[in-house]
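Peer 1: Using the working numbering, the first residue of the sequence shown is number 1, and each one after it goes up by one. Cβ coordinates follow ideal geometry from the N, Cα and C atoms, glycine included.
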Amino acid sequence: MTIYRPRCEGLTVASSLTDGDRLIETALITGLAGSAEQRIQTAIRSPQLPRTGDVHHAFPWLSCQSIQADIHPQDGTIALVTIEWRSAAAGDGGFLPEDTPPVLEVSVTVESKQTNYGVNRRPLLVSYDLEDPETGTTSEDEQIATIEIFVPHIVIVYRRRERISPGIRALGYIGKVNANFMFGDAARFWLCTNLSGESPDAGGSWNVTYGFERNAESWDATVAYHLNGEIPGDVVDGQGIRTYQVYPEANFAELGLPFIP
1 MTIYRPRCEG LTVASSLTDG DRLIETALIT GLAGSAEQRI QTAIRSPQLP RTGDVHHAFP
61 WLSCQSIQAD IHPQDGTIAL VTIEWRSAAA GDGGFLPEDT PPVLEVSVTV ESKQTNYGVN
121 RRPLLVSYDL EDPETGTTSE DEQIATIEIF VPHIVIVYRR RERISPGIRA LGYIGKVNAN
181 FMFGDAARFW LCTNLSGESP DAGGSWNVTY GFERNAESWD ATVAYHLNGE IPGDVVDGQG
241 IRTYQVYPEA NFAELGLPFI P
């Protein structure tokens, strides 16, 4: 039988855990037999326990760092197992600076896109006086023009060596935008585009790459009403034009990167 008793350092409830926390869980394994070494090995290898490197079921940013078993002093058939879970941002940040100094790269790319709006999100309105050949009268016809523009994107790449696989946390940040102030910008201007790594020692440590890309117009999407395949000339924000949040947010400060407060 296994009985878990979670203990969170500095916290009173496990549901309050965030990146950078450390979680200790204990388990009682009963019904053990054999020598002391055999009982300890049986307890540690119990199918009910995690393996080193496993992701915590409730806190996916935590991974199992160590499993230790001790035989109960009053009952040799029982072992007390201590399981330590930590995130890459816990304690020393999981950062190994001694032989691989961190590297920060900044570049600017230009991407083309089609738009119907000028500065201050004003529609590119084009009008034309149409003449009726039968009556000779004229009427104004308005359309919204579509043009191609080039938008600068700042790309920041940061590399450092860590103890924990980036795969443990990647899904929590990839494809998400900043929820807080970042690099002088308000929320939703920076998209996490990369969180990957390679291990030179079969999982003992990882050379991790973080990637962030800035969209000068934010990563929200602006859409417009169309009538007969065209945008009416009188559309304005809130009336024919709407902006939607299409990327979820994440707190990138939890990654423990030195340049994100």
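(1) Helix, strand or coil for Ala90, going by three-state DSSP, please let me know.
(2) Excluding sequence positions up to five away, which residues of its chain have a Cβ less than 7 Å from the Cβ of Pro258?
(3) Report the CB separation of Pro102 from Arg159 in whole angstroms; it is logged as a contact under 8 Å.
(4) Please state whether DSSP places Glu134 in a helix, a strand or coil.
(5) According to DSSP, which residues form a beta bridge with Pro155?
(6) Report all residues from its chain with a CB closer than 6 Å to the CB of Glu148; omit the five preceding and five following residues, and keep chain order.
(7) Tyr117 bridges to which residues according to DSSP?
(8) In the DSSP assignment, find the unbroken beta strand (DSSP E) run with Gly240 in it and report its ends.
(9) From Arg161 to Val155, what distance separates their C-alpha atoms?
(10) Output the distance between the C-alpha atoms of Leu195 and Ala250, rounded to the nearest integer angstrom.
(11) So, using beta-carbon positions, are Thr209 and Val157 closer together than 8 Å?
(12) Given 7 Å as the limit, tell me if Gly211 has its C-beta closer than that to any heavy atom belonging to the ligand SAH.
(13) Should Arg86 go down as buried or exposed, given a rule of 16 or more other Cβ atoms within 10 Å for buried?
Peer 2: On the basis of the data shown:
(1) Low confidence applies here, because Ala90 scores a pLDDT of 43, under 50, leaving its location unreliable and the question unanswered by this model.
(2) Nothing listed; no residue qualifies.
(3) About 6 Å; that satisfies the 8 Å criterion.
(4) Judged by DSSP in its simplified three-state form, Glu134 adopts coil rather than helix or strand.
(5) Residue identity check: residue 155 is Val in the sequence provided, not Pro. Paired residues: Ser107, Glu213.
(6) Ser112, Gln114.
(7) Pro123.
(8) Start and end: 240-244.
(9) A straight-line Cα-Cα distance of about 20 Å links Arg161 and Val155.
(10) If you draw a straight line from the Cα of Leu195 to the Cα of Ala250, it comes to about 13 Å.
(11) In this structure, the beta-carbon distance from Thr209 to Val157 falls below 8 Å.
(12) You won't find the ligand SAH in this model; it holds no ligand whatsoever.
(13) The residue is buried, with at least 16 neighbouring Cβ atoms inside 10 Å.
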